[in-house]
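Inspection log for the structure reproduced underneath, given as C-alpha cells.
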Amino acid sequence: MTPRDRPDPLPPPSRPAERWASGRPPRTPSRGFLRPRPERADEVRRILSSFVEPTRREPGNLQYHLHEHEDGRFFLYEVWRSREDLDRHKATPPLRAFLDNLSTFLEDAPEGYFDTMLSPYPEPDPVPA
C-alpha cells in the first residue's frame, strides 16, 4: 500500500455545515493531539513549528495555533473559512509529506476532531483599499 492509498488520518466532519442567517457557512474548526515518538519529539516540534506562519498566510485560514502540552503531546487548533479551505491546506506538499509518514513520527494515531462551529465567528476587519 502506498502512502496515497492509506486513508486520510484526519477524517471529514460527521455532518454537513449549515448556513447562518447571514448566508455565510459556519467556520470549520479542526483540533487535535499528536504524541511524538520520544526519539523524534524535537524533529516533530521543528516540523510542526515550520507549518505555523505559512499556514496562517493560506487563503481561508482564520487561526492556526500550535501548543505543547506538559505530557509531551502537541496540540493544534485551527479555524478555516470552509471545509474546502481546510482540504486545500491538507493537500499542501509539506503537510502532505508529514501526514503520509505519520507513523514514523508518532507513537499512535493522531487524536483529531472536526466540528461545525455553532457560535458565529467574528468577521475580520476589512482591509483598507
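Residue numbers (the numbering used here): 111 to 239. Glycine is no exception: its CB is placed at the ideal position from the N, C-alpha and C atoms.
Considered as a whole, the stretch 134-219 harbours 151-166, 193-200, 203-210, 212-215 as its complete alpha helix (DSSP H) runs of no fewer than 4 residues, in chain order.
For Glu163, the closest alpha carbon among the candidates Gly170, Tyr174, Arg156 is that of Tyr174. Contact between Ser159 and Leu176 holds, with the beta-carbon distance rounding to 6 Å and staying under 8 Å.
By the neighbour-count criterion, in which a residue is buried when 16 or more other Cβ atoms sit within 10 angstroms of its Cβ, Ser140 is buried. Each residue's CA atom was taken as its position, placing Val189 and Arg147 some 27 Å apart. If you draw a straight line from the Cα of Leu196 to the Cα of Phe184, it is about 19 Å long. Of the residues His199, Gly170, Arg193, the one whose Cα lies closest to the Cα of Asp225 is Arg193. Excluding its 5 nearest sequence neighbours in each direction, Arg206 has C-beta neighbours in its own chain below 8 Å: Lys200, listed in chain order.
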